[in-house]
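Residue numbers (the working numbering), protein chains in the order written: chain A, 3 to 255; chain B, 57 to 298; chain C, 175 to 470; chain D, 14 to 383; chain E, -10 to 311.
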Amino acid sequence: MNFLEIKGLCRNFGGLRAVCDLNAHIEAGRITAMIGPNGAGKTTAFNLVTGLLPVSTGKIFFQGKDITGLPPHKIAFLGVARTFQNIRIFSNMSVLENVMVGVHTRSCKGMFSSALRLPGVSSEEKFIRDEAFKYLEWMELAHLASMDAGNLPFGQQRILEIARALAAKPKLILLDEPAAGLNSQETNKLSKLIRNILESGVTVFLVEHDMELVMNISHDIIVLNNGFLITRGTPSEVQRNKDVITAYLGEEH
Amino acid sequence: MLVIKNLEAYYDRIQALKGITIHISKGEVVSLIGANGAGKTTTLHAISGLLKHIEGEILLDGRSIKNTAPEKIVGMGIAQSPEGRHVFAPLDVLDNLRLGAYIRSDRQETARDIEWIFELFPRLAERRNNLAGTLSGGEQQMLAFGRALMSRPKILLLDEPSTGLAPLIIKEIYSVIEQIKRDGKTILLVEQNAKLALKVSDRAYVLETGKVVLSGTSSELVQSQDIQRAYLGSSVDGFLGK
Amino acid sequence: MGLDSYIQLFFSGITIGSIYAMVALGFLIIYSSTGIINLAQGEFVMLGGLIAVTCHHTLHFPMPLTFLVTVLLVTVIGTLFEITCIHPLKNPSVLGLIMITIAASILMRGIAMFIWGKEEHGIPTFSGDKSVSVIGASVPPQVFWILGVIFTVLIILFLISKYTLIGKAMRATAADRTAAHLVGINVRKIVLLSFAVSAGLGGVAGVVLTPMTLMSFDRGTPLALKGFCATVVGGLGNPAGTVIAGLLLGLIESFVTGLVSSHYKDVIALFILIIVLFVKPSGLFSKSEEAKLKKF
Amino acid sequence: KKTEAPKPPIKIGAIFSVTGPAAKLGGPEKNTVLMIQDQINAAGGINGQMIEVIVEDDQGVEENTINALQKLIHRDNVVAIIGPTRSGNGIAAAPICEEAKVPLVSCAATLVQLYPGKDISKSMYRYVFKTPQNDSHCARTIYADCQKKGFTKVALITGTTAFGAAGRVELQTRASDFGITIVADETYPADATDLTPILTKIKSQNPQALINWSIVAAQGLIAGQMKQIDLNCQLYQSHGFGNPAYITEAAEGVLFPAGRLLVVDDIDSSNKQYSVLKKFKNDYETKFPDEEVSTFAGHGYDALWLVVNAIKANGADRESIRTGLEATKNFVGTAGVFNMSPTDHCGLADDAFAMVTVKGGSFRLVDAVQ
Amino acid sequence: MGKNNYIKCALFLIIIGFLPVFVSNQYYLSVLVFAGIYAIVAIGLSMLMGYAGQISLGHAGFFAIGGYTSAILTKFHNFHPLQAMIIGIVFTVFAALLVGLPSLRLRGHYLAMATLGFGEIIYVTSGAATGLTEGPSGFSGVPSIALAGFTIKSELSKFYLVWLVALIIMILSLNIIHSRIGRALRSIHGDEIASNAMGVNVAKYKIQVFVYSAALASIAGSLYVHHMRFVSPTGFNLNKSILFLIMIMSGGMGSLWGAVIGAAIFTLLPEFLGVFNDYDILMYGAILLGMMMFLPHGLTGLTTKIIQLVLSKWKTRTQNNP
Ligand SMILES: Nc1ncnc2c1ncn2[C@@H]1O[C@H](COP(=O)(O)OP(=O)(O)OP(=O)(O)O)[C@@H](O)[C@H]1O
Ligand SMILES: Nc1ncnc2c1ncn2[C@@H]1O[C@H](COP(=O)(O)OP(=O)(O)OP(=O)(O)O)[C@@H](O)[C@H]1O
Ligand SMILES: [Mg+2]
Ligand SMILES: [Mg+2]
């Protein structure tokens, strides 16, 4: 049983085949990167895995369970969290509250019990707050906890998004271009962070165009082009692959 | 050709630029580098006339363009490919490019330029009738870049044009930058990827918290120890600074 | 019912439908360039009618001059509305803007009541009252004026949007103001223009409508409601679709009233609105992808 | 000599729809009561005591009527209330006045406001009176005229307001008494302005007469729109039509029952009402030169005078006013001659109505024109 | 619910308790009863709009369903007012599901448009369905509300009843807002897609809060007819829906207390505008426009701003004079 298994996955937009007969798997405890030219279908694949887009055909299994067609929140409850290529933080909420939303999947009190403050609501609320703080401290954002998330500088918004995803204590985290807009120093910090995430027991699935980062930290690399899988391998294998070089990397790499 | 003297900019009460002096000569490629929040985007916005609250001077060919309406600045030949892409999401790719040529009235020339953009980015050509909002991140970046070219600017302001682009396309974009530089155009380039930026540019300025802390020709800067450490990413100290 | 009745109903429907279409276009134009649903749109129609009354009865202007002066004045009012109420806002929310237009509509109604009182006022029809017989139905000549004026306006708008980039510039302005600035669109001008044109359209509708149905200070809101239905049914983005939706609403209303029952006349448009929202939420004549990318 | 401290004025409340959809009714009512207040005070008040009429605007909305009632009853401590203007508001106001034991003289037409739960079989409210003629009078007068002219096929068109709805019921229930068949029965909302589809439908039924019953704007449009589509049958309007604002070229020849106030110049000087009407019309039109007197102004006149007369006769407290009102006999008002009794809180006879038409740009008594 | 809100609730309770000492006139009490009724609607609507970011232009429709159900059942079918109120809630929930389920799956303005249509349909129907509702003239004789055998008839007891209901609803709503559900609602407002991906069942919470706010409107509608002892369509038209919006906007979106304040102000305001005679519509429009333009965050926004300003002044002063 693979940790995440994608079988014959397809997604069309009108006549366009954004993802096409994709077969791939992710192994637990490793960092897997997905690369490929712009418009290759990477973000679409992430959207399919997290249920944000319905699949056209194909199946997705997470820890052996068929998650195809499940709504996004159910998939999140199974332990899949993600960040977005275009940052999607809740700019109407504070930094802390953003992360507290991340703990949503680890709490359960509903509208009714919340309204009546039934026993357990307060302690759960305290749990959520404490957890959120834990992750803010890890990401070194705790001093900004009460700030409006929308006013954070760009780089910190990216980190906040990761904190929010981690607060769900996911088994698998999907990161869509986490390094975009960061300079090399910041990118270096990011690679350290990603390794930390892995060490904390979360499997990482990553889309990124920064080859230095990808080649440095990933164990496996999946390469897409025009919706198709063109190859899969270790960084050194992929770097030497002719198809990858012509379609994506260019000569120098 | 473009001279900025003691530029200060404010967002409400926050001062984002604290007196920046920059000059760009005709035909030059100049890059601005600096950490997150240093004020690079703010500088470009100030030049494009998007900010209300600025002080200091911005001169184009000796004439002040401070407090000039943004559309007039575009008319004077300054175009920008903004950070965060800012494509017109509910319009299709063709319309986005046509609007890039909004200030021009030569229909046929415009059509030809659009074809040229499509040659540069075949990916866009395939998507010409798709709504810009449905494009992938990288495709949108290409579109924003192409749209800025469509006004046939004298000065091109590029804010992180390589964000989210595949390595091959980055090369493509940089070869375009070199090509338009050869055509005699002037470019002010903001890049996170300092290595790349220094490679194409003649000169560069380094910004830090709203001030120019270092400037010089690109080749000088590449050698500089400070730059090496801070922006070219050789050593890493500390984790996630403030 | 004979054929003549059907023809009669058709003309009734198409007349009121074209008024709905004008109001709907007014909504659409402001919406396309700013994302605002201007609920004061009906008040422009009301003002058009009442200003025409003053021009004609008090100032004794001949009809063509009345028409021109009225449309001009309403255009100016629309522009002033933008300048004084919409433009000064810093970071308005969509809802805030809607509420401002509601407040403005209440205020305009109040001012109109102050000036013209509570009565209905009328102006003479443009060319007499003698009905024209069309296949057995008698159609008042004003109907042809309404149709003629409105279709002329529509054709002009169509030509402008076809042969200039203004239509696209409006949509671009609504989609992303920063980017609109950066491609050289004079955002201020576009926004003012859109308010001016929608107000002008309202004014035109008011002048041509008043001879048939009279006008009073409180006529705006019901018209705005129907016009709004037409805009949504047409898909909030497609001028041709909006016009067709307006005409369709008028026709359906007329035929249902004439053939079935009048008791629920006013819910017909709303019912169609709800059905369309549930079945094809992006409107009858608009792409659903595009609807997803809109802000409001 | 000891100067007596002037007595505080007698406070009388009034609630009218001065704005809103029935503004055309409530406006003249308000004008009238304020004018009469001044007249009475100028003439030395009631037995030397001034009166003060406190007017509230309910905009035709019941919620406001109720607030206004509370305000008048509890804050201003009025001895009696006149108004409201619209039938729905009258129905809402009646039980409150009954409970608070404050006499109410309504200016709304509908009869059912006088009965708890709109149920005419129950006994009447004790504190609620009204001045306009009854809807049933109006319906009967119209149908009688139809019968006289030999019309048997009649179309109804009514507004969806309380007034229109009440009229519709009257017309529906009384048609058979006059051998009349209703061939069409349509309604339109208060804000309707285009009635041609409804009229087209009616036209296809070939009625001999069309009866429109509403107070809303559309009643002024209907005659014109009938012409537009060539529907050429006799048009009757209800007593709600009694406002000179509705006189248009197209309205020429319309028939409707109304009090004689509208046609003062046509009535015989021997008529009991003659001098009252003449004076009121004259007073009103002198004071408000832009306006012609309407039946609604008349309702205000009748209501206030009924109360004032009751005060004069019985004293200025709520209970005495109530008994005074109920004992009203032979009061000559604008709507007719009022004779109240414990079982009749309207007090008008059928002859309060006369058939009126529009001729030569003014309201004329049918009998005088023919 | 934070400490702050406990204090506010206590303060609220004290105000309710002591207000009648100062305001004993029945008329003012009656107006305050209306204010309390609208506060109930406003709290629900504020949760829907200020927190979950969903716009409703048709809450008068739910208000009407509650009102008519109560009026008809208590007057013509001898139901106990509480029974009728509960049945009204059931009908309202059903109607809210009918409108909400299809339109809440879509984004943003669809709910606004669908509810606009819904509200008007209810309004027109309540005038046209004469057999059921007695048509446009409505009917009086709706009994007063009764509780545990006591008929609540006097203005004073109605005042206490309505405002206590409002207080209870306030506490329930504050509890929801300051819980994981409240945060989920706000995250939906912020970004539906991200919220969904973080495990928030967007559709479920949207429909829950929509139904909750509709049910509150229904309760308020029932109280409304029992207070007026009369029902007719005029109380339930588009103007009423707009009035609800005005209340929460003027109080300040995103604050339940603001909703209550807005409800109070816009119930009382027209009573004071009466002095402007015929031109109160002019004044009303002008005040409204001024509020929307100059107080975009409503009165609560204004107070927070003033408090912040005072605090920062105070801070700098204490810093300068240590
Ligand atoms: N709209 C705004 N409102 C308030 N502050 C802002 C705004 N935009 C930028 N700032 C602040 O101004 C400073 C400069 O920002 P700017 O966007 O110019 O930085 P930058 O150098 O372009 O950074 P990046 O690498 O993230 O693009 C930052 O501290 C930022 O937080
Ligand atoms: N909603 C949509 N409608 C139509 N086409 C779409 C839609 N979403 C994505 N596409 C198309 O599908 C293709 C794949 O897009 P996707 O976002 O997955 O690319 P990507 O691999 O993430 O690229 P990038 O590296 O540039 O982010 C693109 O060509 C895009 O235009
Ligand atoms: Mg992508
Ligand atoms: Mg930047």
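Virtual Cβ for every residue (Gly too), placed ideally from N, Cα, C.
- Message: So, under 8 Å CB-CB, residue 106/B and residue 126/B are touching, yes? Tell me the CB distance rounded to an integer number of Å.
- Response: Working through the second sequence from its first residue, we reach residue 106/B at position 50. Working through the second sequence from its first residue, we reach residue 126/B at position 70. At roughly 6 Å, the Cβ-Cβ gap stays under 8 Å, so residue 106/B and residue 126/B are in contact.
- Query: Among residues of its own chain, excluding the 5 on either side of residue 356/D, which ones have a beta-carbon nearer than 8 Å to its beta-carbon?
  - Reply: Numbered from 1 along the fourth sequence, position 343 holds the residue referred to as residue 356/D. Taken in chain order, the residues that qualify are 137.
- Query: Are residue 457/C and residue 409/C close, meaning C-beta to C-beta below 8 Å?
  - Reply: Here residue 457/C refers to the residue found at position 283 when the third sequence is read from its first residue. Here residue 409/C refers to the residue found at position 235 when the third sequence is read from its first residue. Taking 8 Å as the Cβ cut-off, residue 457/C and residue 409/C qualify as a contacting pair.
- Would you verify that the beta carbon of residue 355/C is, or is not, closer than 8 Å to some beta carbon of chain H? This model lacks chain H altogether; the protein chains it does include are A, B, C, D and E.
- Task: Consider the Cβ of residue 132/E: report whether some Cβ of chain C lies at a distance smaller than 8 Å.
- Result: As a first step, residue 132/E must be located in the fifth sequence, where it is residue number 143. No, residue 132/E lies away from the interface with chain C (no Cβ there is under 8 Å from its Cβ).
- chain B residues whose Cβ lies nearer than 7 Å to that of residue 489/C: Within the shown structure, residues of chain C are numbered from 175 to 470, placing residue 489/C beyond reach of any answer.
- Task: State yes or no: is the C-beta of residue 186/B nearer than 7 Å to some heavy atom of ligand 2?
- Result: In the second sequence, residue 186/B corresponds to position 130, counting from 1. Yes; taking the cut-off as 7 Å, the Cβ of residue 186/B has a heavy atom of ligand 2 nearer than that.
- Task: Compute every distance between the C-beta of residue 96/B and the non-hydrogen atoms of ligand 4, then say whether any falls below 7 Å.
- Result: The residue you call residue 96/B lines up with position 40 of the second sequence. True, at least one ligand heavy atom lies under 7 Å from that Cβ.
- Item | Exposure of residue 215/C, with buried meaning 16 or more beta-carbon neighbours within 10 Å | The count along the third sequence starts at 1 and reaches residue 215/C at position 41. When all chains shown are included, residue 215/C counts as buried.
- Message: Is residue 146/B close to chain C? Criterion is C-beta to C-beta, closer than 8 Å.
- Response: Numbered from its first residue, the second sequence carries residue 146/B at position 90. By this cut-off, residue 146/B is an interface position.
- Message: Let me make sure I understand the geometry here. Which of 127/D, 97/D and 140/D has the alpha-carbon closest to that of residue 114/D?
- Response: Mapped onto the fourth sequence, residue 114/D falls at position 101. Considering only alpha carbons, the answer is 140/D.
- Distance, Cα to Cα, residue 150/A vs residue 44/E? Here residue 150/A corresponds to residue number 148 of the first sequence, with the count starting at 1. Here residue 44/E corresponds to residue number 55 of the fifth sequence, with the count starting at 1. Computed Cα separation, rounded: 23 Å.
- Indicate whether residue 99/A and residue 172/E have their beta-carbon atoms separated by less than 8 Å. Residue numbering aside, residue 99/A sits at position 97 when the first sequence is read from its first letter. Residue numbering aside, residue 172/E sits at position 183 when the fifth sequence is read from its first letter. In contact: residue 99/A and residue 172/E (Cβ atoms closer than 8 Å).
- Task: Go ahead and label residue 276/E buried or exposed: buried means 16 or more other beta carbons lie within 10 angstroms of its beta carbon, across all protein chains shown.
- Result: Numbered from its first residue, the fifth sequence carries residue 276/E at position 287. By the 10 Å Cβ count, residue 276/E comes out buried.
- Task: Quickly, what does DSSP pair residue 137/B with across the bridge? List them, please.
- Result: Taking the second sequence and counting its residues from 1, the one referred to as residue 137/B is at position 81. DSSP output for residue 137/B lists 214/B as bridge partner(s).
- Item | Top-ranked residue by Cα proximity to residue 406/C, from 445/C, 347/C and 187/C | Taking the first residue of the third sequence as 1, we reach residue 406/C at position 232. Among 445/C, 347/C and 187/C, the Cα nearest to that of residue 406/C belongs to 445/C.
- Task: Say yes only if the C-beta of residue 72/B is nearer than 7 Å to one or more non-hydrogen atoms of ligand 1, and no if none qualify.
- Result: Within the second sequence, residue 72/B is the residue found at index 16, counting from 1. Yes, Cβ of residue 72/B sits closer than 7 Å to a heavy atom of ligand 1.
- Measuring CB to CB, does residue 240/A end up less than 8 Å from residue 38/A? By one-based count along the first sequence, residue 240/A stands at place 238. By one-based count along the first sequence, residue 38/A stands at place 36. Contact flag unset, no.
- Message: Using a Cβ-Cβ distance cut-off of 8 Å, determine whether residue 242/D contacts chain C.
- Response: Counting from 1 along the fourth sequence, the entry for residue 242/D is found at position 229. Taking Cβ atoms only, chain C reaches closer than 8 Å to residue 242/D, which makes this a yes.
- Confirm the yes/no value for this check: CB of residue 138/B, any heavy atom of ligand 1, distance under 7 Å. By 1-based counting over the second sequence, the position of residue 138/B is 82. No, Cβ of residue 138/B sits at least 7 Å from all heavy atoms of ligand 1.
- Query: In or out: residue 300/C buried (at least 16 other Cβ within 10 Å) or exposed?
  - Reply: Here residue 300/C refers to the residue found at position 126 of the third sequence. The residue in question, residue 300/C, is buried, as its Cβ has 16 or more Cβ neighbours within 10 Å.
- Item | Identity of the residue in 337/D, 135/D and 231/D nearest residue 324/D by Cα | Locating residue 324/D in the fourth sequence gives position 311, counting from the first residue. Comparing Cα positions, the closest option is 337/D.
- Query: Buried or exposed: where does residue 18/E fall if 16 or more other Cβ atoms within 10 Å of its Cβ makes it buried?
  - Reply: Position 29 of the fifth sequence, counted from the first residue, corresponds to residue 18/E. So residue 18/E ends up on the buried side.
- Residues of its chain near residue 323/C, where Cβ-Cβ distance is below 7 Å and the 5 sequence neighbours each way are ignored: As a first step, residue 323/C must be located in the third sequence, where it is residue number 149. Correct list, in chain order: 378 and 382.
- Message: Give me the chain E residues within the contact set of residue 197/C, using Cβ-Cβ distance strictly less than 7 Å, ordered along the chain.
- Response: Taking the first residue of the third sequence as 1, we reach residue 197/C at position 23. Ordered by position in chain E, no residue passes the 7 Å Cβ test against residue 197/C, which lies about 15 Å from the chain.
- Sub-8 Å separation of residue 84/E and residue 210/E beta-carbons: What you label residue 84/E is simply residue 95 of the fifth sequence in a count that begins at 1. What you label residue 210/E is simply residue 221 of the fifth sequence in a count that begins at 1. Result no, Cβ atoms of residue 84/E and residue 210/E do not sit closer than 8 Å.
- For residue 43/E, three-class secondary structure by DSSP: To locate residue 43/E, count along the fifth sequence from 1; it is residue 54. Reduced to three states, the DSSP call for residue 43/E is coil.
- Message: Looking at chain C, is there any beta carbon in it that lies within less than 8 Å of the beta carbon of residue 106/E?
- Response: In the fifth sequence, residue 106/E corresponds to position 117, counting from 1. With 8 Å as the cut-off, residue 106/E counts as an interface residue toward chain C.
- Task: Taking only heavy atoms of ligand 1 into account, decide whether any of them is closer than 7 Å to the Cβ of residue 90/B.
- Result: Translated into the one-based positions of the second sequence, residue 90/B becomes position 34. True, at least one ligand heavy atom lies under 7 Å from that Cβ.
- Message: Quick check: the Cα distance between residue 128/E and residue 105/D, rounded to an integer number of angstroms?
- Response: For this step, residue 128/E is matched to residue 139 along the fifth sequence. For this step, residue 105/D is matched to residue 92 along the fourth sequence. So the two alpha carbons sit approximately 7 Å from each other.
- Euclidean distance between Cα positions of residue 26/D and residue 64/E: Here residue 26/D is taken as the residue at index 13 of the fourth sequence, counted from 1. Here residue 64/E is taken as the residue at index 75 of the fifth sequence, counted from 1. Rounded to the nearest angstrom, the two C-alpha atoms are 30 Å apart.
- Cα separation between residue 341/D and residue 307/D? Working through the fourth sequence from its first residue, we reach residue 341/D at position 328. Working through the fourth sequence from its first residue, we reach residue 307/D at position 294. In a straight line, the C-alpha of residue 341/D is about 24 Å away from that of residue 307/D.
- Query: In whole angstroms, what separates the C-alpha of residue 292/B from that of residue 282/B?
  - Reply: Start at 1 with the first residue of the second sequence, and residue 292/B comes out as number 236. Start at 1 with the first residue of the second sequence, and residue 282/B comes out as number 226. With a pLDDT of 38 at residue 292/B, under the threshold of 50, the modelled position of this residue cannot be trusted; read the value that follows with caution. Approximately 13 Å, taken between the alpha carbons.
- Please go through the segment 108 to 143 of chain A and give each complete alpha helix (DSSP H) segment of 4 or more residues, from N-terminal end onward. 113 to 118 and 123 to 140
- Answer with buried or exposed for residue 118/A, where buried requires no fewer than 16 other C-beta atoms within 10 angstroms of its C-beta. Indexing the first sequence from 1 puts residue 118/A at position 116. It is exposed - the Cβ of residue 118/A has fewer than 16 other Cβ atoms within 10 Å.
- Rank 79/A, 168/A, 19/A and 174/A by C-alpha distance to the C-alpha of residue 27/A and give the top, closest one. As a position in the first sequence, residue 27/A is number 25, starting the count at 1. Looking at the Cα atoms, 174/A is the closest of the given residues.
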